[in-house]
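Residue numbers (my numbering): 2 to 233.
Yeah, the Cβ is synthetic: ideal placement off N, Cα and C, and Gly gets one too.
Given below as structure tokens:
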């Protein structure tokens, strides 16, 4: 299950020449400075996206989405470090969504995830419960998260290169975890009638598959060692 009652998702690619630097910066500076904010509970970064969504997906699990309107978080957005400021122009296909979890079922954090986004995500809570229960029981899925967009979350106060996928992100997203990426196609096939038949996922984008690259809980922050920024 997701921790807390709020969630922030960030989707992006990165300029190929800066891929290694991006991984270092994101893991050792960007994520830790955000998790240090009160109300941030856990961060995950997924990579190697295969599908229509960007290569990277980052999730921040929050006590509530009010964290994103607070002064500590806004200060990070408005007064970034020099390294963060230099990385932003290298993003590709960036978009960002604040979510309200409608449903989060399953245990643990698995090594593979598939994601789809929507222009419209109906909040049919009872039907989501039924579909999630069946998929978790009958497939290799270990967790399912159904997310509605929270319109109260303000956009970032800086410009980045134009993004992709926004047309499908206005309603929300579904995330499905499993232990191995090879299992995702079978789960997607089993989910299709559960989502499309009852009209739970009208207009959904094709699934994008991801591998888990990094996960850290807030209480692990004291163990993170800040790296030296690469030269050049």
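Give me whichever residues DSSP pairs with residue i in a beta bridge.
i: residue 12; result: 58, 96
i: residue 115; result: 177, 210
i: residue 145; result: 106, 177
i: residue 205; result: DSSP lists no partner for residue 205.
i: residue 218; result: 43
i: residue 48; result: 212
i: residue 63; result: 7, 41
For residue i, which three-state DSSP category applies?
i: residue 68; result: helix
i: residue 175; result: strand
i: residue 105; result: strand
i: residue 301; result: Limits of the chain in this structure are 2 at one end and 233 at the other, which puts residue 301 out of reach.
i: residue 168; result: Since pLDDT at residue 168 reaches only 47, below the 50 mark, its modelled position is unreliable, and no value is offered.
Compute the Euclidean distance between the alpha carbons of residue i and residue j, then round it to the nearest angstrom.
i: residue 149; j: residue 108; result: 21 Å
i: residue 3; j: residue 177; result: 12 Å
i: residue 128; j: residue 201; result: 8 Å
i: residue 189; j: residue 79; result: 39 Å
i: residue 111; j: residue 223; result: 24 Å
i: residue 29; j: residue 35; result: 11 Å
i: residue 99; j: residue 229; result: 31 Å
i: residue 116; j: residue 172; result: 14 Å
i: residue 145; j: residue 87; result: 35 Å
i: residue 19; j: residue 135; result: 42 Å
i: residue 141; j: residue 191; result: 10 Å
i: residue 68; j: residue 39; result: 8 Å
i: residue 160; j: residue 26; result: 19 Å
i: residue 130; j: residue 121; result: 18 Å
i: residue 157; j: residue 193; result: 34 Å
i: residue 82; j: residue 221; result: 22 Å
i: residue 214; j: residue 196; result: 28 Å
i: residue 231; j: residue 13; result: 21 Å
i: residue 227; j: residue 92; result: 22 Å
i: residue 185; j: residue 179; result: 7 Å
i: residue 155; j: residue 21; result: 30 Å
i: residue 72; j: residue 183; result: 42 Å
i: residue 139; j: residue 54; result: 27 Å
i: residue 168; j: residue 174; result: Residue confidence is low: residue 168 scores 47 on pLDDT, short of 50, so the model does not pin down where it sits. No coordinate-derived value is stated.
i: residue 206; j: residue 17; result: 25 Å
For residue i and residue j, which I take to be in contact (beta-carbon distance under 8 Å), what is that distance rounded to the nearest angstrom?
i: residue 60; j: residue 70; result: Rounded, the Cβ-Cβ distance is 19 Å, inconsistent with contact.
i: residue 119; j: residue 50; result: With a Cβ gap of about 17 Å, residue 119 and residue 50 do not count as contacting.
i: residue 42; j: residue 97; result: Actually they do not touch by this definition, with Cβ atoms about 18 Å apart.
i: residue 23; j: residue 212; result: Not a contact, Cβ separation roughly 16 Å.
i: residue 32; j: residue 217; result: 6 Å
i: residue 147; j: residue 114; result: Not a contact, Cβ separation roughly 14 Å.
i: residue 153; j: residue 66; result: 7 Å
i: residue 209; j: residue 52; result: 3 Å
i: residue 64; j: residue 5; result: 5 Å
i: residue 62; j: residue 137; result: Contact flag wrong, Cβ pair sits at about 19 Å.
i: residue 1; j: residue 101; result: Given a span of 2 to 233 for the chain in the structure shown, any question on residue 1 remains unanswerable.
Examine chain D for any beta-carbon lying closer than 8 Å to the beta-carbon of residue i, and answer yes or no.
i: residue 172; result: Any reference to chain D falls outside this structure, which holds one protein chain only.
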